[in-house]
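Structure first, commentary second.
Residue numbers (our numbering), protein chains in the order written: chain A, 1399 to 1640; chain B, 1399 to 1640.
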């Protein structure tokens, strides 16, 4: 057998998620999380997408590009288990895998051509901005949807346990930003309800103020009485932290 | 972005399918199709599989190793459409893709250690013998099972339309072979019922006798009155055609 296999990216993801912190822990959990998949030449021909629009969902096979240099360990500690229990890496969807390849089922909203680029519009993503895409496959429910699959420690979806409220200042800032980013308020609400804090911080009072980058904004919030209070949406210099 | 990404195999598939002809067209269609995934060092440590046994199904991400040198074209002609209609390669699960990466949901029957090798026992596979495996992920029904997904031309499972009968000679040969390969008769029945003939041959009388390699046997059959009649199971010299 070959010692290794080499694959060029066929596309790249453009998404609101500029950093790992805050990203949904699986696809489909945050319906409002949208992204664009830009096909790269020579894979961007219209023929390669013939009849793709008939599919509501796609598989995206991608590279965890921010985990490439981190290496892997045989076990990981999934956030859903509170960060205490060690699980085999092959029993997890962690990015820190022997081959940092990701797999996400996402919703296909549309296919457009803009400025000579062929773009797939996606929703329900958990994909970082800049993610290299290796393959796109149609989701085939007759083979891929196994509703009665037994899934050990991960049977149910992680809960989105937190109530989210917005301070007046944050409301105003978000309303203004919605002009460029429709659905932003609902996106922030869905992301924060899922409690993006690292497992070791959830349930402690050790740190109460947080920020996460979304598009070119810093979303700022506090933990208050077990819920999330969004305090502001601060524009960031473009490309900062990218 | 990097021009390409390099991934070593973490495992290799051992299966009854020694050639492409006759292989199920998707995973899950032939429950009896079994395989073993052998983990390769240094990925074969027990820790990496901790709690994997709690999952009934896995994703196998693999290389279509017999399609590596074939290149890709923007469109393919899926067998289910009779080989007449052209579909975009990204709207298909064809092995002839820009990156020949495969994705199969398979059933996990068990995890064993044999002769110092760590093996996953799989069922419902559509994997060629010798397939290099890039990743193993747990199947998570809450995110992966999208029962109401719309799937264009591929909404329903391909039919398994053919009746399969066995000549007395074939019955006797299969019964003898079942000692080494329990379930062989049912496997042959399920495979042939699905009509493995290329789309351009199905429905024609141009060729009536067929053979496919399964383990180290040549399964021989004829098309008779629109059904399949299995005529023999001939042992092949070991490794021939491998």
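Just so it is clear, CB atoms sit at the ideal spot from N, CA and C, and this is done for glycine as well. Source: prediction; values computed, not measured.
(request) Output, in sequence order along the chain, the residues in the segment 1514-1547 of chain A whose CB is closer than 8 Å to any CB in chain B. (result) 1528, 1530, 1532, 1533, 1534, 1535, 1536, 1537, 1538, 1539, 1540, 1541, 1542, 1543, 1544, 1545, 1546 and 1547
(request) Leaving aside the five residues before and after residue 1581 of chain A along the sequence, list all residues of the same chain whose C-beta is less than 6 Å from its C-beta, in chain order. (result) 1430
(request) Taking C-beta pairs closer than 8 Å, name the residues in chain A that residue 1485 of chain B reaches, listed in chain order. (result) 1448 and 1449
(request) Return no unless some Cβ of chain A is closer than 9 Å to the Cβ of residue 1563 of chain B. (result) no
(request) State yes or no: is the beta carbon of residue 1443 of chain A nearer than 9 Å to at least one beta carbon in chain B? (result) yes
(request) For residue 1516 of chain A, name the three-state secondary structure that DSSP assigns. (result) strand
(request) Kindly confirm or deny that the segment 1555-1575 of chain B and the segment 1466-1473 of chain B touch, where touching means at least three C-beta pairs closer than 8 Å. (result) no
(request) Could you tell me whether the Cβ of residue 1410 of chain B comes closer than 9 Å to any Cβ of chain A? (result) yes
(request) Return yes when at least one heavy atom of the ligand ADP lies under 8 Å from the C-beta of residue 1612 of chain A, else no. (result) Because no ligand of any kind appears in the structure shown, any question about the ligand ADP cannot be addressed here.
(request) Can you give me, in chain order, the residues of the segment 1450-1474 of chain B that have a beta carbon less than 7 Å from any beta carbon in chain A? (result) 1450, 1452, 1453, 1454, 1455, 1457, 1459, 1461, 1472 and 1473
(request) Give the straight-line distance between the Cα atoms of residue 1564 of chain A and residue 1510 of chain B, rounded to the nearest whole angstrom. (result) 53 Å
(request) Would you list, in chain order, the members of the segment 1486-1507 of chain B that have their beta-carbon closer than 8 Å to a beta-carbon of chain A? (result) 1486, 1487, 1488, 1489, 1490, 1491, 1495, 1496, 1497, 1499, 1501 and 1503
(message) DSSP three-state label for residue 1638 of chain A, please.
(response) Any reading at residue 1638 of chain A must be qualified, since the residue scores a pLDDT of 48, below 50, and its modelled position is unreliable; no value is offered.
(message) Give me, in chain order, the residues of the same chain whose beta-carbon lies closer than 6 Å to that of residue 1638 of chain B; leave out the 5 immediate sequence neighbours on both sides.
(response) The predicted model places residue 1638 of chain B with a pLDDT of 48, which falls under 50 and marks its position as unreliable; any figure quoted below should be read in that light. Closer than 6 Å at the Cβ level, and outside the excluded window around residue 1638 of chain B, lies no residue.
(request) Within the segment 1570-1616 of chain A, note down every full beta strand (DSSP E) run reaching 3 residues or more, in order along the chain. (result) 1607-1612
(request) Give a yes or no on whether 9 Å exceeds the smallest Cβ distance from residue 1407 of chain B to chain A. (result) yes
(request) With 8 Å as the C-beta to C-beta threshold (strictly closer), list the residues of the segment 1409-1429 of chain B near chain A in chain order. (result) 1410, 1424, 1425, 1426 and 1427
(request) Report yes or no: is there a C-beta of chain A within less than 9 Å of the C-beta of residue 1630 of chain B? (result) no
(request) Name the residue from B:1402, B:1426 and B:1409 whose alpha carbon lies nearest to the alpha carbon of residue 1401 of chain A. (result) B:1409
(message) Assuming contact is defined by CB atoms lying nearer than 9 Å, are residue 1462 of chain A and residue 1534 of chain B in contact in what I supplied?
(response) no
(request) Could you say which of B:1560, B:1415 and B:1514 lies nearest to residue 1610 of chain B if we only look at CA atoms? (result) B:1415
(message) Give me the residue from A:1573, A:1569 and A:1579 with the minimum Cα distance to residue 1619 of chain A.
(response) A:1569
(message) Considering only the alpha carbon of each residue, which of A:1490, A:1497 and A:1512 lies closest to residue 1404 of chain B?
(response) A:1497
(message) If I follow the unbroken beta strand (DSSP E) through residue 1633 of chain B, where does it start and stop?
(response) 1625-1633
(message) Please tell me whether residue 1404 of chain A has its Cβ less than 9 Å away from any Cβ of chain B.
(response) yes
(message) Does any residue of chain A have a CB that is nearer than 9 Å to the CB of residue 1401 of chain B?
(response) yes
(message) I'd like to know whether the C-beta of residue 1553 of chain B is nearer than 9 Å to at least one C-beta of chain A.
(response) yes
(request) Give me whichever residues DSSP pairs with residue 1536 of chain B in a beta bridge. (result) B:1456
(request) Would you list the residues sitting across from residue 1470 of chain B in a DSSP beta bridge? (result) Paired residue(s): none; residue 1470 of chain B is not in a bridge.
(request) Please report how far the alpha carbon of residue 1575 of chain A lies from the alpha carbon of residue 1525 of chain A, in whole angstroms. (result) 22 Å
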